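S.K.:
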């Protein structure tokens, strides 16, 4: 049954976003950030963006929205719909798109089952974007009464503004968010987290790659997702876990030998699980969940390789989940 609150709140807030965009002649994304900041402030008269005649109309419209009456899941669903709408309208590139909840929950469930995380442990998204994957995974742990310390890096100012205001509305600004290219963070400022996650951006890294990276290209441009996997190994705790969304062909695509060599020498490959094909528009867009651990972490366990069946095949899907549970028993830490 559809929760009627969600579309109602989406419609109310998006109407204000549209009004703000046309009134102040800004992009839909900028309008969304302004309106959500206004909503998070909870003090309409103190917000300088809403002080003129048009602002009074906006104040009246916003006064009809009782954000605090929603629970956390409802709030997150409303925000997700708003972000999806705005990103499509502003033609956001593929690497700026939201990670769908269905994928986020699968990754989050795997993380909960395997990582043995405890309240107070850090979870770090190295390419946090607007925050949806981090919020989704965190929601899985919250459901099990495990309260993680959330952290995120991103070098895109607009994306981080969306993540920041979403965090204010969902978590009272308790997430540590940093505007930085995680590959350029100084050694003495690096964070060690028990869980490291990312929906890895795919493509070439636009900057010069330091010689220290084994995954850099000898000639030409280096793959950003390869470099991020390598850097993530420097950001995970000795007994930690890493969970990435990667191209489904990453272990057989261009320069895959370099990745396989790196994983064999610098990490433990724990699992490679392709997501259902019907989750994606075409084969080229297909993704998989890649699970890694530091080389010396225990238990060693077995590598799980497979493909999630479609949800339209409930028996096959349930059998696959049982295979995962059997694998978890051999790999769960703590």
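Numbering (our numbering), first residue to last: 1 to 334. We put the beta carbon where it would ideally sit given N, CA and C, even for glycine. Here the structure is a predicted model, which is why all the values come from computation and not from measurement.
Just list the alpha helix (DSSP H) runs in the stretch 211-298, keeping only unbroken ones of 4 residues or longer that don't cross its boundaries, in chain order.
M.R.: With a minimum length of 4 residues, the continuous alpha helix (DSSP H) runs that stay inside the stretch 211-298 are 224-232 and 256-266.
S.K.: Do residue 221 and residue 268 have their C-beta atoms within less than 9 angstroms of each other?
M.R.: Residue mapping note: residue 221 aligns to position 221 of the chain shown, counting from 1. Residue mapping note: residue 268 aligns to position 268 of the chain shown, counting from 1. Cβ atoms of residue 221 and residue 268: not closer than 9 angstroms.
S.K.: Give me whichever residues DSSP pairs with residue 193 in a beta bridge.
M.R.: Residue numbering aside, residue 193 sits at position 193 when the chain shown is read from its first letter. Answer by DSSP bridge pairing, in chain order: 236.
S.K.: Below 9 angstroms between beta carbons: does that hold for residue 232 and residue 122?
M.R.: As a working mapping, residue 232 is identified with position 232 in the chain shown. As a working mapping, residue 122 is identified with position 122 in the chain shown. Contact flag unset, no.
S.K.: Give the straight-line distance between the Cα atoms of residue 112 and residue 33, rounded to the nearest whole angstrom.
M.R.: Against the chain shown, residue 112 aligns to sequence position 112. Against the chain shown, residue 33 aligns to sequence position 33. Their Cα atoms are separated by approximately 31 angstroms.
S.K.: Between residue 169 and residue 176, what straight-line distance do the alpha-carbon atoms span, to the nearest angstrom?
M.R.: Walking along the chain shown from the start, residue 169 turns up at place 169. Walking along the chain shown from the start, residue 176 turns up at place 176. When rounded, the distance between both Cα atoms is 14 angstroms.
S.K.: Pull up the DSSP beta-bridge partners for residue 176, would you.
M.R.: Locating residue 176 in the chain shown gives position 176, counting from the first residue. Its beta-bridge partners are 151.
S.K.: Helix or strand or just coil, what does DSSP make of residue 300?
M.R.: If you number the chain shown from 1, residue 300 lands on position 300. Three-state DSSP puts residue 300 in coil, outside helix and strand.
S.K.: Is DSSP giving residue 27 helix, strand or coil here?
M.R.: Along the chain shown, read from residue 1 onward, the residue named residue 27 stands at position 27. Residue state, collapsed to three classes: coil.
S.K.: At the level of alpha carbons, what is the spacing between residue 263 and residue 77?
M.R.: Along the chain shown, read from residue 1 onward, the residue named residue 263 stands at position 263. Along the chain shown, read from residue 1 onward, the residue named residue 77 stands at position 77. Approximately 36 angstroms, taken between the alpha carbons.
S.K.: Answer with buried or exposed for residue 212, where buried requires no fewer than 16 other C-beta atoms within 10 angstroms of its C-beta.
M.R.: By one-based count along the chain shown, residue 212 stands at place 212. With fewer than 16 Cβ atoms within 10 Å of its Cβ, residue 212 is classed as exposed.
S.K.: Straight-line CA distance for residue 13 to residue 65?
M.R.: Stepping through the chain shown from its first residue, residue 13 is reached at position 13. Stepping through the chain shown from its first residue, residue 65 is reached at position 65. If you take the alpha carbons of residue 13 and residue 65, they lie about 8 angstroms apart.
S.K.: Give the C-beta separation of residue 146 and residue 193 to the nearest angstrom, bearing in mind that I take them to be a contact with Cβ-Cβ under 8 angstroms.
M.R.: Position 146 of the chain shown, counted from the first residue, corresponds to residue 146. Position 193 of the chain shown, counted from the first residue, corresponds to residue 193. At roughly 14 angstroms, the Cβ-Cβ gap does not stay under 8 angstroms, so residue 146 and residue 193 are not in contact.
S.K.: Could you tell me the distance, in whole angstroms, from the CA atom of residue 309 to the CA atom of residue 126?
M.R.: For this step, residue 309 is matched to residue 309 along the chain shown. For this step, residue 126 is matched to residue 126 along the chain shown. Taking the straight line from one Cα to the other gives about 29 angstroms.
S.K.: Would you tell me roughly how many angstroms separate the C-alpha atoms of residue 223 and residue 216, rounded to the nearest one?
M.R.: Mapped onto the chain shown, residue 223 falls at position 223. Mapped onto the chain shown, residue 216 falls at position 216. Their Cα atoms are separated by approximately 7 angstroms.
S.K.: Can you tell me where the beta strand (DSSP E) with residue 183 in it begins and where it stops?
M.R.: Taking the chain shown and counting its residues from 1, the one referred to as residue 183 is at position 183. No beta strand (DSSP E) contains residue 183, which DSSP labels as neither H nor E.
S.K.: I'd like to confirm the pairing. Which residues does DSSP put opposite residue 125 in its beta bridges?
M.R.: For the purposes of this step, residue 125 is identified with residue 125 of the chain shown, where counting begins at 1. Per DSSP, 152 and 197.
S.K.: Under 9 angstroms between the Cβ atoms of residue 235 and residue 291?
M.R.: Taking the chain shown and counting its residues from 1, one reaches residue 235 at position 235. Taking the chain shown and counting its residues from 1, one reaches residue 291 at position 291. Not closer than 9 angstroms, so no.
S.K.: Under a three-way DSSP split, which group does residue 305 fall into?
M.R.: Translated into the one-based positions of the chain shown, residue 305 becomes position 305. If DSSP states are grouped into helix, strand and coil, residue 305 belongs with the strands.
S.K.: Under the assumption that residue 280 contacts residue 305 (Cβ atoms under 8 angstroms), give the Cβ distance between them as a whole number of angstroms.
M.R.: The count along the chain shown starts at 1 and reaches residue 280 at position 280. The count along the chain shown starts at 1 and reaches residue 305 at position 305. Residue 280 to residue 305, Cβ: 19 angstroms. No contact.
S.K.: Strictly by DSSP, which residues pair up with residue 204?
M.R.: For the purposes of this step, residue 204 is identified with residue 204 of the chain shown, where counting begins at 1. Note: residue 204 sits in a beta bridge opposite 223.
S.K.: Just reading off the alpha helix (DSSP H) that residue 322 is part of, what are its end residues?
M.R.: Within the chain shown, the letter at position 322 stands for residue 322. 314-331 is the span of the alpha helix (DSSP H), which, as asked, contains residue 322.
S.K.: How many angstroms separate the CA atom of residue 316 from the CA atom of residue 239?
M.R.: Sequence index remark: in the chain shown, residue 316 carries index 316 (1-based). Sequence index remark: in the chain shown, residue 239 carries index 239 (1-based). Near 33 angstroms, if we compare the C-alpha coordinates of residue 239 and residue 316.
S.K.: Expressed to the nearest angstrom, what Euclidean distance is found between the alpha-carbon atoms of residue 334 and residue 30?
M.R.: The residue you call residue 334 lines up with position 334 of the chain shown. The residue you call residue 30 lines up with position 30 of the chain shown. Using only the alpha carbons, I get a separation of about 44 angstroms.
S.K.: Between residue 154 and chain D, is the shortest Cβ-Cβ distance under 9 angstroms, so that the two count as touching?
M.R.: Any reference to chain D falls outside this structure, which holds one protein chain only.
S.K.: Among 83, 143 and 227, whose alpha-carbon lies nearest the alpha-carbon of residue 205?
M.R.: Sequence index remark: in the chain shown, residue 205 carries index 205 (1-based). Of the listed residues, the one whose Cα sits closest to residue 205 is 227.
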